[in-house]
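The number in our numbering is simply the position in the sequence shown, starting from 1, with 1094 added.
Note that CB positions come from ideal geometry on N, CA and C, so glycine has one too.
Worksheet for the structure shown next.
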Amino acid sequence: MNSLQSLNDEIRNPLQVIIDLSSLSPIDECEKILKQTYVIDILAKELDQCWLESEKIRDFLRKHYACP
């Protein structure tokens, strides 16, 4: 479970650097970069949501079925 959360952090940190560095590019290139970073950000949010849902399922199983 923690690997999903860790993966999310490993994606978001470099993504922020890319976003910051894109401001040094010409406007047309910057826009292209920002569009793609937006797509990656959406994927990272989906990963985050999956992690939260899997934690809820795991907690339910622990509570009701004594699973590790």
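Residue i at chain B interface by Cβ criterion, 8 Å
i     : result
I1105 : Annotation note: the requested chain B is absent from the structure, which comprises a single protein chain.
Alpha-carbon to alpha-carbon, residue j and residue i
i     : j     : result
K1126 : H1158 : 49 Å
R1152 : D1142 : 15 Å
D1135 : S1097 : 18 Å
S1148 : L1155 : 10 Å
L1101 : L1146 : 14 Å
L1118 : A1160 : 54 Å
Proximity to residue i [Cα-Cα], best of the options
i     : options                       : result
S1116 : F1154, P1108, L1128 and N1102 : L1128
R1106 : T1131, I1121 and D1122        : T1131
Q1099 : K1150, A1160 and A1138        : A1138
Opening and closing residue of the alpha helix (DSSP H) in which residue i lies
i     : result
V1138 : Checking the sequence shown, residue 1138 turns out to be Ala, not Val. Taken as a continuous stretch (DSSP letters only), the alpha helix (DSSP H) holding A1138 covers I1121 to Y1159.
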